[in-house]
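Undergrad: So for the sequence shown, this note's numbering puts the first residue at 84; every next one is plus one. Take a look at this one; I'll ask things after.
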Amino acid sequence: MNGISGETNLLTFNLYGLPEFFSYSILLGISFALIGKKQEISLRFWRTGWLLILVHSAFFLLFSGSTVYDVLTAGSLILASQFFILAAYYQGQKTAPFSQIKWPMILSGISNVIFSSLATVAGLAPNQSLSQLTYLFAVIAAFSSMWLAMADNAGDQQWHRKLSIGLVLTAQIILYATIQWFGFEMASIWQLCWSYLAVAYFFIRQAPKLSMGVMFVALSFVLWGLVFPVAELMSIYAQAAFSHVESGVWNLPKFLAAASMILVLLENRMDLIIHLATHDELTGLPNRRLFNDRFDQVVSRAKRNHTGFALIVIDLNDFKHVNDTYGHQVGDALLKEVSNRFSQVLRDTDTIARTGGDEFTVIIEQASDRQHIDVVKEKLIKSLQDTMVFDHTPYHASASFGSAIFPEDGLTQTQLLTIADRRMYEDKPKTQHISVIYA
């Protein structure tokens with residue numbers, strides 16, 4: 084925290100803070116350019132958190148060495164950490180709805196900021212009334228943090244909530260012990276420490292994949308959190324060593340975190356480009372390019388293991404009639420709903436791709452007989468039985484199916500698809516067409 088001072092001068096201008104301020108401005112500019120106009124909730128929280136860090140560096144420019152600086156910097160750093168925690172949490176898919184954690188998060192953020200500010204002042208000028216007020220907000224902050232941890236119950240990972248509660252409880256016990264043994268100033272520093280450690284915990288836990296960027300971000304927030312107690316303890320117990328450490332050294336974790344975030348944004352941008360190149364934009368299913376790659380992999384495995392697999396070609400009936408009669412918006416909604424239903428009844432090891440306007444192709448691994456194919460086809464047919472509702476209008480959909488088995492029906496994709504297409508068109512007269520149910 085760059086030390087706590089009792090000086091009363093309110094406004095200074097510290098030229099040593101200019102490089103840090105401009106560096107954060109440049110890093111923020113790069114981050115905003117990469118984020119663009121995306122409205123993901125996680126990106127909005129990251130943006131707000133880093134803006135608060137920029138404000139924190141502006142405080143160093145204007146109020147460095149004063150009591151005002153100590154209070155403002157503690158409050159801005161705590162508030163930034165609250166937004167970072169939200170950003171790290173909401174980068175994952177299995178999360179509690181924001182409406183569920185909105186009020187505990189608001190209470191936690193406000194109470195933690197007030198406690199940090201009061202603890203900083205109480206550490207400088209002990210006062211019974213101020214101490215009692217600081218204790219009160221410590222209790223409120225502990226309650227709201229526990230409330231927030233108990234809301235962490237989304238998804239099927241029950242240990243997430245239990246671990247969050249355990250970590251909050253541990254952090255609060257250490258906080259109260261720190262108040263008793265070392266006073267409010269050190270308690271405020273511990274609060275900063277565990278808040279930034281919490282960012283690292285949620286970031287690594289909620290990351291969709293464990294990439295190099297994700298590991299660097301988590302590591303940088305761990306170092307950022309540890310900087311606060313390490314710097315304070317060195318200033319007390321190792322003053323000679325502390326005096327030889329340049330102030331910029333303590334800011335390195337912040338720069339590492341900002342640079343790592345840019346790396347993660349670049350990784351996400353590359354993943355998006357690759358995904359768009361290999362997946363259908365409307366349904367999110369693999370496109371023909373990825374299907375061809377998966378087909379070659381399945382053929383190689385089948386030849387190596389001396390097993391078979393099946394291709395199932397699916398064509399929606401009268402889909403052109405839907406587009407022409409009810410509009411492309413309904414047609415797109417229908418395709419997305421059908422693709423979701425098909426995906427839900429297939430195994431993770433199977434591949435379903437959108438290979439045409441209203442055509443889907445499925446690869447069923449280790450399916451070497453007609454009975455296995457019939458079981459899968461029955462599941463796909465049943466998935467379409469429930470009525471689909473778009474714009475308050477119910478629809479019934481049906482599809483035609485054709486299948487082929489490797490190596491019985493052919494050895495190449497062309498041979499298998501030719502046979503599957505022929506059988507699919509033979510199946511068409513027996514099926515029911517897409518229809519609208521009139522009220």
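C-beta atoms are modelled at their ideal positions from N, C-alpha and C, and glycine is treated no differently.
Does the distance from the CB of Phe-392 to the CB of Phe-489 come in under 8 Å?
TA: The answer is yes: Cβ separation under 8 Å.
Undergrad: What did DSSP end up calling Asp-376 once you bin it into helix, strand or coil?
TA: helix
Undergrad: Please report the distance separating the alpha-carbon of Ile-446 from that of Arg-387.
TA: So the two alpha carbons sit approximately 17 Å from each other.
Undergrad: For Met-344, does the count of other Cβ atoms within 10 angstroms reach 16, so buried, or fall short, so exposed?
TA: buried
Undergrad: Quick check: Gly-493 and Asp-510, are their CB atoms within less than 8 Å of each other?
TA: No, the Cβ-Cβ distance between Gly-493 and Asp-510 is not below 8 Å.
Undergrad: Kindly indicate which three-state DSSP category Leu-394 falls into: helix, strand or coil?
TA: strand
Undergrad: Alpha carbon to alpha carbon, how far is Leu-418 from Asp-379? Give it in angstroms, no decimals.
TA: 26 Å
Undergrad: Specify the secondary structure class of Lys-486 as computed by DSSP and reduced to three states.
TA: In the sequence as displayed, the identity of residue 486 is Ser instead of Lys. Reduced to three states, the DSSP call for Ser-486 is strand.
Undergrad: Are the CB atoms of Thr-217 and Phe-166 within a distance shorter than 8 Å?
TA: no
Undergrad: List the whole-angstrom C-beta distance separating Ile-272 from Phe-311, where the pair is believed to meet the contact cut-off of C-beta under 8 Å.
TA: 5 Å
Undergrad: Going by the DSSP bridge assignment, what does Pro-312 pair with across the sheet?
TA: DSSP lists no beta-bridge partner residue for Pro-312.
Undergrad: When DSSP builds the beta bridges, which residues end up paired with Thr-444?
TA: Val-396 and Ala-436
Undergrad: For Ala-283, which residues in the same chain have their Cβ closer than 6 Å to its Cβ, ignoring the five residues on either side in sequence?
TA: Ala-301, Phe-304 and Val-305
Undergrad: So, at 6 Å on beta carbons, what are the nonlocal neighbours of Arg-371 in its own chain, with the 5 sequence-adjacent residues on each side left out?
TA: Thr-438
Undergrad: Roughly how many whole angstroms lie between the Cα atoms of Gly-249 and Ile-287?
TA: 17 Å
Undergrad: Considering only residues of the segment 194-257, which uninterrupted alpha helix (DSSP H) runs meet the minimum length of 4 residues and lie entirely inside it, listed in chain order?
TA: 211-233
Undergrad: Taking its Cβ as the centre, do 16 or more other Cβ atoms sit within 10 Å of Tyr-279, making it buried, or is it exposed?
TA: Tyr-279 counts as buried, since at least 16 other C-beta atoms from the protein chains shown sit within 10 angstroms of its C-beta.
Undergrad: Using DSSP bridges, identify the partner residues of Met-471.
TA: Partner(s): Tyr-478.
Undergrad: If you run the structure through DSSP and keep just helix, strand and coil, what is Pro-369?
TA: strand
Undergrad: What did DSSP end up calling Asn-92 once you bin it into helix, strand or coil?
TA: Reliability fails at Asn-92, whose pLDDT of 47 lies under 50, so the model's placement of it is uncertain and the value that follows must be treated cautiously. If DSSP states are grouped into helix, strand and coil, Asn-92 belongs with coil.
Undergrad: Taking C-alpha atoms, which residue in Tyr-107, Ser-191, Thr-432 and Ser-125 lies nearest to Ala-141?
TA: If we check each option's Cα against that of Ala-141, Tyr-107 comes out closest.
Undergrad: Quick check: what's the CA-CA separation for Ala-341 versus Gly-175?
TA: 20 Å
Undergrad: Looking at C-alpha atoms only, which residue of Tyr-320, His-362 and Val-421 is the closest neighbour of Ala-463?
TA: Sequence inspection shows Leu at residue 463; the Ala mentioned does not correspond to that position. Considering only alpha carbons, the answer is Val-421.
Undergrad: Where Tyr-172 and Ser-194 are concerned, what is the direct C-alpha to C-alpha distance, given to the nearest angstrom?
TA: 20 Å
Undergrad: For the alpha helix (DSSP H) containing Thr-501, list its first residue and its last residue.
TA: 496-510
Undergrad: Could you name the residues of the same chain whose beta carbon sits closer than 7 Å to that of Ile-87, not counting the 5 residues immediately before and after it, in chain order?
TA: Bear in mind that the predicted position of Ile-87 carries a pLDDT of just 40, short of 50, making it unreliable; the figure below should be weighed with that in mind. So the list reads Asp-153, Thr-203, Gly-206, Leu-207 and Glu-268, once near-sequence residues are dropped.
Undergrad: Does DSSP classify His-362 as helix, strand or coil?
TA: strand
Undergrad: Do you know offhand how far Leu-252's Cα is from Ala-281's?
TA: 13 Å
Undergrad: Where Gln-263 and Ser-326 are concerned, what is the direct C-alpha to C-alpha distance, given to the nearest angstrom?
TA: 28 Å
Undergrad: CB-CB under 6 Å to Thr-432, same chain, minus the five flanking residues each way: which ones, in chain order?
TA: Glu-448
Undergrad: So is Thr-366 in contact with chain C if we call contact Cβ pairs under 8 Å?
TA: Structure shown: chain C not included; a single protein chain is present.
Undergrad: Near Leu-162, which residues of its chain fall below 7 Å by C-beta distance, leaving aside the five closest residues on each side in sequence?
TA: Leu-135, Gly-192 and Val-196
Undergrad: Any idea if Asn-210 is buried or exposed, counting beta-carbon neighbours within 10 angstroms, 16 or more meaning buried?
TA: exposed
Undergrad: Can you list, in chain order, the residues of its chain whose CB lies under 8 Å from that of Ile-168, leaving out five sequence neighbours each side?
TA: For Ile-168, the CB contacts under 8 Å within the same chain, skipping 5 residues up- and downstream, are Ser-278, Ala-281, Val-282 and Phe-285 in chain order.
Undergrad: Using only the alpha-carbon positions, how far apart do His-516 and His-479 sit?
TA: Low per-residue confidence applies at His-516: pLDDT is 49, beneath 50, and the placement is therefore not dependable, though the value from the model is reported in the following sentence. So the alpha carbons of these two residues sit roughly 8 Å apart.
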